[in-house]
């Protein structure tokens, strides 16, 4: 009986409802954790695997020696490489395409590369305007590398002591 | 001031023996009511997204204009330019009639809602009955929309709403009876002027449980969370709104929000002294706040109730359908009937300043 009366008082006193509304009222005035994306960005690990890039040596020579290890290791078959002998006797790529629709961003190409030519940058907010745009060719990759060389180098340096 | 305005119109349009002038005055009154109402409704949607966002630790719309303040207009333009899609085997006449039938009553109710001392469209002697009567017409819009869409989910939503709205109308009717018993009138103007004289003269004290019952029923009447089984996004996609797009959907949307504002106004008028200042009879404070026009008090009190709508929506999960019915028939209805007798007793014994 007393239990019933207690429950009745509790129910008609709207205690549960008041407790719930107190919580939301508290949330209303707490600091918001939203990150305003284009203006603010969350911190990114140096190991972050984003858009690909081809790097160059400081003297401007491209690093890639067309060993095709990345093409071999790529689990998604996203990389296509054609190579030729250059006049100075070194082997270089004539074609280096990455299909970003196929790519699963596993980072194996980066791991396989003996000369640190193909790397994955911190760029993740990119878009294509056509289906063909998903394939980045050698010029595009080198351009991305040239643009972000500083950030790429810094990320490698930060991560190097754990490798 | 209003009389001077009426005279001016009569002078400007001297022909037709004032007949045309009266029509013009009615038109102007209507526009003067509906425009602010639509703007209020638009910013209600903004406030809803903002407040619920804040309660969920987000910040809500903030891209269109400073603080996202132009968001409602962006929504309006989006709605206006969207195509209205007709389901192939729907009854197009009823399909188009439904949003109109939902929207028109929602606005028509405002004809009798007084917004200040002598500030109203019509002073109807049975205004509270008019509100109840027109308010129940809005149900047909939803039922018709569900049936005319010729689709499963809208029909389910319509069926849910039909019985729910009718049930909670009964509760609201009984709550109104208690208010009428105290005020001795069904005229909203009289009910409000009967509450003059400070916060202790408002009806929320003798009718405190009725106020809560009224508010919860108002949530159900306007199909708001936690009673939004009509829409039930997670169960029946969007209920009656599923097949509607563009301005047809916008009309339903506007009807819902105008009804919300109406319910907030009704709660203030019936329980919280309408346009009366809460400082009436308080020394000093009354004089300090004497400059505030009475409509501001009404709007301030309404804003609290509108905020309560959002607060409740952000807090509670949706009721199960049978629980909604249980709450209505097994809890609210007995409670209101008991309170009717309690009020009758209080009226006979003349307790407090209310009777």
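Protein chains in written order, with the numbering used here: chain A, 945 to 1107; chain G, 18 to 372.
Glycine included, every Cβ here is placed at the ideal spot set by N, Cα and C.
Residue-level contact by beta carbon fails for residue 306(G) and chain A, as no gap is shorter than 8 Å. Rounded to the nearest angstrom, the Cβ distance from residue 161(G) to residue 115(G) is 4 Å, consistent with a contact under 8 Å. In terms of Cβ geometry, residue 1053(A) and residue 1062(A) form a close pair [threshold 8 Å]. Under the criterion of beta carbons closer than 8 Å, residue 101(G) and residue 264(G) qualify as touching, at roughly 7 Å. Excluding its 5 nearest sequence neighbours in each direction, residue 964(A) has no C-beta neighbour in its own chain below 7 Å.
Secondary structure at residue 133(G): strand, using DSSP grouped into helix, strand and coil. Inter-segment contact for the stretch 148-157 of chain G and the stretch 118-135 of chain G is present: three or more beta-carbon pairs are separated by less than 8 Å. Secondary structure note for residue 1038(A): it is in no alpha helix (DSSP H), and the uninterrupted beta strand (DSSP E) holding it is 1035-1043. Here residue 974(A) is not near residue 328(G), since their CB atoms are 8 Å or more apart.
For residue 1062(A), the uninterrupted beta strand (DSSP E) run begins and ends at 1062-1064, by DSSP.
Per the DSSP secondary-structure output, residue 1029(A) pairs in a beta bridge with 1035(A). Distance from residue 203(G) to residue 286(G) at the Cβ level is roughly 12 Å; contact not present, criterion being Cβ atoms closer than 8 Å. Separation of the CB atoms of residue 278(G) and residue 61(G) is rounded to 7 Å, and the pair is thereby assigned contact status at 8 Å. Sequence-distant partners of residue 366(G) (beyond 5 residues in either direction) whose C-beta falls short of 7 Å from its own C-beta are missing from its chain.
The beta carbon of residue 314(G) sits closer than 6 Å to the beta carbons of 292 and 294 from its chain, once the five residues preceding and following it are set aside; these are given in chain order.
Within 7 Å of the CB of residue 957(A), no CB atom of chain G is found; the nearest one sits about 11 Å away.
Distance between residue 267(G) and residue 24(G), taken at the CA atoms: about 38 Å. For residue 323(G), no chain A residue has a C-beta closer than 7 Å to its own C-beta; the minimum C-beta separation is roughly 15 Å.
Residue 972(A) has a beta carbon lying within less than 8 Å of a beta carbon in chain G. For the C-beta of residue 332(G), the chain A residues within less than 7 Å are, from N- to C-terminus, 964, 965 and 968. Where residue 165(G) is concerned, the enclosing alpha helix (DSSP H) starts and stops at 144-165. Nearest Cα to residue 358(G) within the set 260(G), 196(G), 38(G) and 239(G): 196(G). Relative to the Cα of residue 1077(A), the nearest Cα in the group 958(A), 956(A) and 1041(A) belongs to 1041(A).
For residue 996(A), DSSP records a beta bridge to 1064(A).
Fewer than three Cβ pairs drawn from the stretch 245-255 of chain G and the stretch 72-89 of chain G lie within less than 8 Å of each other, which leaves the two stretches out of contact. Burial state of residue 319(G) is buried, judged by a 10 Å Cβ sphere holding 16 or more other Cβ atoms.
Taken through DSSP and simplified to helix, strand or coil, residue 983(A) comes out as coil.
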